[in-house]
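Residue numbers (this note's numbering): 1 to 202. Don't be surprised by glycine CBs; every beta carbon is placed ideally from N, CA and C. To start, the structure under review is shown below, and the notes come after it.
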Ligand SMILES: C[S@@+](CC[C@H](N)C(=O)[O-])C[C@H]1O[C@@H](n2cnc3c(N)ncnc32)[C@H](O)[C@@H]1O
């Protein structure tokens, strides 16, 4: 029996032609609509809800676990979301090397690993270098949204942002559609709540 040599991509999965070359915006979506990126999108419940609500925007969900990529792709297909694609790749690499600069209108980082032990803090995504990468990706006036259920990581992120003047923390707009992911619902059921930082690129 002939085994396939390559895993066929799922419908809605985005597979870059070259994993070493920076993409052009049209490589991801060709319609020119604003692009939103969700780094570490998990099972996709948050991005799927956003894409369903904002049909006039494009969404790229980035997740490294295949099962979660598959689930998100299935959700996009079932809901007929032509404006959502899923990339199976590591978030920091994607942000630093793959995504086109000056192309993202909103970048979401929702509940990344808080790396609670002090000796692991350097593994946290929110660091000065990452904030610079985020700023490079955002269009002028673009938005970076960070959410966490981890109090100490939230304070860490506030301090890192205070040292990074090109992203200004502003109140979360009351009229923004802000869906809850399955993870968030699970945490809230355990009595935890998420804290949010909404930052504008200046
Ligand atoms: C706690 S979950 C949150 C998922 C989603 N943001 C939500 O709120 O529902 C974190 C997700 O990020 C993914 N993840 C963690 N580190 C990652 C990385 N460096 N690159 C890509 N995905 C990552 C994990 O596989 C997991 O699905």
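Residue i versus residue j - alpha carbon distance
{"i": "residue 104", "j": "residue 53", "result": "18 Å"}
{"i": "residue 170", "j": "residue 195", "result": "13 Å"}
{"i": "residue 102", "j": "residue 87", "result": "19 Å"}
{"i": "residue 190", "j": "residue 153", "result": "19 Å"}
{"i": "residue 31", "j": "residue 129", "result": "31 Å"}
{"i": "residue 203", "j": "residue 177", "result": "Past the edges of the chain, shown from 1 to 202, lies residue 203, and the structure says nothing about it."}
{"i": "residue 28", "j": "residue 35", "result": "9 Å"}
{"i": "residue 143", "j": "residue 119", "result": "30 Å"}
{"i": "residue 14", "j": "residue 2", "result": "26 Å"}
{"i": "residue 139", "j": "residue 106", "result": "9 Å"}
{"i": "residue 74", "j": "residue 117", "result": "36 Å"}
Other residues of its chain near residue i: CB distance less than 6 Å, five sequence neighbours each side excluded
{"i": "residue 187", "result": "149"}
{"i": "residue 51", "result": "59, 81, 83, 84"}
{"i": "residue 112", "result": "40, 125"}
{"i": "residue 61", "result": "38, 41, 44, 47, 72, 86"}
{"i": "residue 133", "result": "95, 96"}
{"i": "residue 69", "result": "63, 86, 88"}
{"i": "residue 90", "result": "64"}
{"i": "residue 76", "result": "12, 84"}
Opening and closing residue of the alpha helix (DSSP H) in which residue i lies
{"i": "residue 67", "result": "66–78"}
{"i": "residue 185", "result": "182–189"}
{"i": "residue 47", "result": "45–53"}
{"i": "residue 115", "result": "Unbroken run through residue 115: none, as it is neither H nor E."}
{"i": "residue 173", "result": "Neither: residue 173 is in no alpha helix (DSSP H) and is coded neither H nor E."}
{"i": "residue 18", "result": "Unbroken run through residue 18: none, as it is neither H nor E."}
{"i": "residue 28", "result": "25–28"}
Beta-ladder partner(s) of residue i, from DSSP
{"i": "residue 201", "result": "167"}
{"i": "residue 108", "result": "38, 145"}
{"i": "residue 13", "result": "86"}
{"i": "residue 203", "result": "Any property of residue 203 remains undetermined from this structure, which presents the chain solely from 1 to 202."}
Beta-carbon proximity list for residue i, same chain, < 8 Å, skipping 5 on both sides
{"i": "residue 157", "result": "126, 146, 148, 197"}
{"i": "residue 173", "result": "198"}
{"i": "residue 151", "result": "195"}
Extent of the continuous beta strand (DSSP E) to which residue i belongs
{"i": "residue 148", "result": "138–148"}
{"i": "residue 63", "result": "58–63"}
Cutoff 7 Å; reference residue i; Cβ partners in own chain excluding five residues on either side
{"i": "residue 135", "result": "166, 167, 201"}
{"i": "residue 183", "result": "42, 111"}
{"i": "residue 123", "result": "115"}
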